[in-house]
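>
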Amino acid sequence: MSLIVEARHRLGDFSLNAAFTSDGGVTALFGRSGSGKTSLVRIIAGLTRPKEGRVQLGDAVLVDTSRRLFVPPHRRRFGYVFQEARLFPHLTVRQNLDYGRWFSPKSARTENPGRIVDLLGIGDLLGRQPANLSGGEKQRVAIGRALLASPRLLLMDEPLAALDEERKAEILPYLERLRDEVGIPIVYVSHSVAEVARLADKVVLMAGGRIEAIGPASDVLGGPRLTSAMERREAGSVLTGRVETRDAAHGLATIRLDGGAAILVPGATVSPGETVRVRIPARDVMVATVRPEGLSALNILEGMVEAIEPDGEGMASLRIACGGDHVRARITALSVERLGLVLGLAVHAVIKTVALE
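Take a look at the structure:
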């Protein structure tokens, strides 16, 4: 089901002018704080009426300012998950979930409550009060409540932003299952590269109320526009591959990348046969013109320099073709000179295993 969004709006001194189309899966609105992500998702939800614009899901036109058409939020049947879980404190988990289902039209109730409970791993929490839940547990319940309202579209506005790293690691596998098994289109707002790299099918990169780039996660998160919209230290590569083996004794998995190369990554929770994404931060890639020896780094990929992009501040971004994959490295301009790096030169990309996500 396609989502079409066109919005032009002004909030004080901030001007929003953005348009994108999503064909399902997880579409991430990505960018630093203040880029306009939440403003855009509120327009999609119907919480903000744009000065000009259009929102359409499938055949249903929800906003068309040229026709003075505006469908109010309660008639859109969209689920909305906020940064905070916003559960009813006086209700149990089961009652919070039932509240979401109560708002679902009987004719539209396609989700089995037991399936959602199992999917989110909240079966043992049903009798508890929200005050007795961890942050990650609260967010899982909030997602379950939104899903049991049988939404046509799920909007998630930085749902992990209020959680610490341990709670984020706890909830991310459930979000992956949600993406893969439920089939509801999702718009996911985040400023975290790690979250977007792991979850998103399509990325809409935003900066200053405008869209900088749109495309598959691997293209946008590894592309040159990322450094203009985010901190340069966030630059890197997102590669896809399949788990070949897992070494339980050392907590490592061998991933055969789509381009043919094999790399070792920390993989305590993956299983052979799984398709996974691997994010390689550019700052953690070293470049050598001869194959190095006697290093602790386990991943050394042969490649060829495809692009050299100086930033004018003493650093340079390299794009290295390693078979059918592309790895980005961020090194000093002095290193580029000393190594004699030029387009077409054969090099080795040296990647620390502990840096991989």
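Numbered according to the numbering used here, the sequence shown terminates at residue 358, and the numbering increases by one at each position without gaps.
Glycine included, C-beta positions come from ideal geometry on N, C-alpha and C.
All values reported here derive from a predicted model rather than from experimental measurement.
What separation, rounded to the nearest whole angstrom, lies between the Cα atoms of F31 and A214?
Along the sequence shown, read from residue 1 onward, the residue named residue 31 stands at position 30. Along the sequence shown, read from residue 1 onward, the residue named residue 214 stands at position 213. When rounded, the distance between both Cα atoms is 10 angstroms.
> If you count every other CB in all the chains shown that lies within 10 Å of the CB of A230, and 16 or more means buried, which is it?
Residue mapping note: residue 230 aligns to position 229 of the sequence shown, counting from 1. With a pLDDT of 47 at A230, under the threshold of 50, the predicted position of this residue should be treated as unreliable, though the coordinate-derived value follows. By the neighbour-count rule (16 or more Cβ atoms within 10 Å), A230 is buried.
> On the DSSP bridge assignment, give the partners of I281 in chain order.
By one-based count along the sequence shown, residue 281 stands at place 280. The partner list for I281 (beta bridge, DSSP) reads S238.
> Just the C-alpha distance for R50 and R87, rounded to the nearest angstrom, thanks.
Counting from 1 along the sequence shown, the entry for residue 50 is found at position 49. Counting from 1 along the sequence shown, the entry for residue 87 is found at position 86. Using only the alpha carbons, I get a separation of about 23 angstroms.
> Under a Cβ-count criterion, where at least 16 other Cβ atoms within 10 Å of its own Cβ denotes burial, should A170 be classed as buried or exposed?
Position 169 of the sequence shown holds residue 170. That one is exposed.
> Relative to the C-alpha of V348, which candidate in V355, T255, V337 has its C-alpha closest?
What you label residue 348 is simply residue 347 of the sequence shown in a count that begins at 1. Comparing Cα positions, the closest option is V337.
> Using the Cβ count rule (16 or more neighbours within 10 Å means buried), how would you classify L148?
For the purposes of this step, residue 148 is taken as residue 147 along the sequence shown, with counting starting at 1. Classification for L148: buried.
> Compute the Euclidean distance between the alpha carbons of D326 and D259, then round it to the nearest angstrom.
Position 325 of the sequence shown, counted from the first residue, corresponds to residue 326. Position 258 of the sequence shown, counted from the first residue, corresponds to residue 259. Going from the Cα of D326 to the Cα of D259 covers about 7 angstroms.
> Using only the alpha-carbon positions, how far apart do L155 and G25 sit?
Reading the sequence shown from its first residue, position 154 is the one you call residue 155. Reading the sequence shown from its first residue, position 24 is the one you call residue 25. Distance between the alpha carbons of L155 and G25 is about 11 angstroms.
> Closest to Y175 by C-alpha separation, out of L200, L206, R55, would be which residue?
Here residue 175 refers to the residue found at position 174 of the sequence shown. It is L200.
> Once DSSP output is grouped into helix, strand and coil, what is the label at I264?
Locating residue 264 in the sequence shown gives position 263, where the first residue counts as 1. Note: I264 maps to strand in three-state DSSP.
> Have a look at L206, R11, H91 and flag the residue whose alpha-carbon is nearest the alpha-carbon of S34.
What you label residue 34 is simply residue 33 of the sequence shown in a count that begins at 1. Nearest option by C-alpha distance: L206.
> DSSP state of A1, grouped into three classes?
Any property of residue 1 remains undetermined from this structure, which presents the chain solely from 2 to 358.
> On the DSSP bridge list, what partners appear for P311?
Walking along the sequence shown from the start, residue 311 turns up at place 310. P311 pairs with A317.
> Would you report the Cα separation of F79 and R168, rounded to the nearest angstrom?
One-based indexing of the sequence shown puts residue 79 at position 78. One-based indexing of the sequence shown puts residue 168 at position 167. Roughly 26 angstroms between the two C-alpha positions.
> So, at 8 angstroms on beta carbons, what are the nonlocal neighbours of R95 in its own chain, with the 5 sequence-adjacent residues on each side left out?
The residue given as residue 95 occupies position 94 in the sequence shown. Excluding positions up to five away in sequence, the list reads L127, G128.
> Short of 6 angstroms in beta carbon distance, which residues of its chain neighbour E245, apart from the five on each side in sequence? Order them along the chain.
Taking the sequence shown and counting its residues from 1, one reaches residue 245 at position 244. Closer than 6 angstroms at Cβ, skipping near neighbours: T255, R257.
> Just the C-alpha distance for L121 and E182, rounded to the nearest angstrom, thanks.
For the purposes of this step, residue 121 is identified with residue 120 of the sequence shown, where counting begins at 1. For the purposes of this step, residue 182 is identified with residue 181 of the sequence shown, where counting begins at 1. Cα-Cα distance, rounded: 11 angstroms.
> At what residues does the alpha helix (DSSP H) containing I45 begin and finish?
Looking up residue 45 in the sequence shown gives position 44. Segment 38-46, the alpha helix (DSSP H) holding I45.
> Based on the DSSP output, what are the partners of H349 in its beta bridges?
One-based indexing of the sequence shown puts residue 349 at position 348. A289, E303, per the DSSP bridge assignment.
> If I'm right that R153 touches G223 with Cβ under 8 angstroms, what's the distance once you round it to whole angstroms?
On the sequence shown, position 152 is the one that residue 153 refers to. On the sequence shown, position 222 is the one that residue 223 refers to. No, R153 and G223 are not in contact; Cβ-Cβ is about 32 angstroms, not under 8 angstroms.
> Could you check where the beta strand (DSSP E) with L20 kicks off and where it finishes?
In the sequence shown, counting from the first residue as 1, residue 20 sits at position 19. The amino acid occupying residue 20 in the given sequence is Ala; Leu does not appear at that position. Looking at the DSSP string, the run of the beta strand (DSSP E) that includes A20 is 15-23.
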